[in-house]
Amino acid sequence: MAFKDLKCYQEIMRTLPEHESNLLIAMTRSITRGLRMLPPFASSTTSSHTDEATAVTNTAPTDTLRISNPDEPVRASSFEDEPPATLPEGITRMQHLASDAATRFQHEFKIEGDGATAKTLHTFLTAHLPSRLSVTVVEWLAMQNPTRAFTPARPQLPGQHHPGLGLGRTVTKMLVAISREKGRDCLLSIPEYFHNAVAYKAAGWFFVNPAFEGYMRALLIDLGADLETKGLSAVSWAFQNCHVVDANGVVEVWQAQEQILSVSNRMKSYLASSEYVRLVTKFTKRYAGKLHIDWSSAKELDKYLLPGAAPAYQAEE
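Last residue of the sequence shown: 299 (this note's numbering), numbering continuous.
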């Protein structure tokens, strides 16, 4: 797959002001086909290795890519503008979500009117990612035990119908071995739920986009105390039930990008590069300290709390 097929790259391109996106498309390596989300070529598709069901919806491919003339007059764009017709076919400007259902991460990209953040990330990705990647795409897998029931020590996670089998690490090792044998660069998944991303990160996964990696680390800082005292299940359900908010009460919605487990040396070098580390640090500082869980309105989450944890409605008293 080409790095331009990555969701994070496409979102960066959607977010740029129109004249910036046109110029960058023209400057980027020659593109002769429409952008496709996780195409089947050069990749092996399997299923998510977490204990809960995880689904990834792929974007339908386009047949052609039209590049508009960068010298044409460009009208000013705003949050509410409809996607301009001059953007490449199949690529629409990121739609502005309602104020009560938009991620701070997306707000960060949209609010920056000059597109500096998106341009910085575009420059980094095009300069450091290989032009084509051979990946094993982890889309969906349920490893659950239908003969067992959930317990207070292991409460239900979003997406689970039965308790997990505890085989995540074993399956990951198997997938890594297969990927290494096939000469893959990495395993790749888009974690559907917050707890998926936390589990992946604990197993050594990183987000391709250093800005989103920084955002994830900021979430772990902001919600760290809750994860320790309330448990991963309760925090993941807090995302699911819209209880993660900023200081103004704006709901933070979990919408992830590509998370990878490196296999090849070139992907390990990418994640260890000084520029990736610098950008991760920069965006961690930018996003940290802005979110919390409104436990006072989360009484329905009591059944997901760790044993001994204070009821949700008492958390902020």
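From the three backbone atoms N, C-alpha and C, an ideal C-beta is built for every residue, glycine too.
One thing to note: residue 141 has its Cβ no nearer than 8 Å to the Cβ of residue 182. In the DSSP assignment, residue 204 falls within the alpha helix (DSSP H) that extends over 192 to 204.
In the DSSP annotation of this structure, the continuous segment of the beta strand (DSSP E) that includes residue 241 starts and ends at 241 to 244. Of the candidates 123, 278, 144 and 119, 144 places its Cα closest to the Cα of residue 131. Here residue 194 has 239 as same chain residues with Cβ atoms under 6 Å from its own Cβ, once five neighbours each way along the sequence are excluded.
The secondary-structure analysis by DSSP pairs residue 108 with nothing; it has no beta-bridge partner.
Here residue 180 is buried: its Cβ has 16 or more other Cβ atoms, across all protein chains shown, within 10 Å.
Counting only runs of at least 4 residues, the stretch 136 to 166 fully encloses the following alpha helix (DSSP H) elements, listed from N- to C-terminal order: 150 to 163. At the C-beta level, residue -17 and residue 115 come within 8 Å of one another.
Distance from the Cα of residue 243 is smallest, within the candidate group 155, 135 and 284, for 155.
With a threshold of 16 other beta carbon atoms within 10 Å, residue -11 meets it and is buried. Going by C-alpha positions, residue 210 is about 34 Å away from residue 100. Counting along the chain, the unbroken beta strand (DSSP E) around residue 274 starts and ends at 273 to 275.
The alpha-carbon separation between residue 111 and residue 247 amounts to approximately 12 Å.
Nearest in C-alpha terms to residue 261, of all of 113, 199, 122 and 124, is 199.
Contact between residue 281 and residue 137 does not hold, since the beta-carbon distance rounds to 15 Å and is not under 8 Å.
Less than 8 Å divides the Cβ of residue 158 from the Cβ of residue 245.
DSSP lists no beta-bridge partner residue for residue 208. For residue 277, the closest of 212, 237 and 258 by C-alpha to C-alpha distance is 212. Annotated three-state conformation of residue 229 is coil, per DSSP. Note on residue 178: 16 or more other CB atoms within 10 angstroms of its CB, so buried under the neighbour-count rule.
Per the C-alpha coordinates, the member of 196, 255 and 162 positioned closest to residue 271 is 196. Between the alpha carbons of residue 126 and residue 241 lies a gap of roughly 23 Å.
When DSSP states are grouped into helix, strand and coil, residue 266 belongs to the helix group. For residue 169, the enclosing beta strand (DSSP E) starts and ends at 168 to 171. Residue 118 counts as buried, since at least 16 other C-beta atoms from the protein chains shown sit within 10 angstroms of its C-beta. In this structure, DSSP gives residue 235 a state outside helix and strand, which the three-state scheme calls coil.
Straight-line measurement puts the Cα of residue 218 at about 10 Å from the Cα of residue 226. Spanning the alpha carbons of residue 104 and residue 228 requires a straight line of approximately 28 Å. Residue -7 and residue 292 have their C-alpha atoms spaced approximately 40 Å apart.
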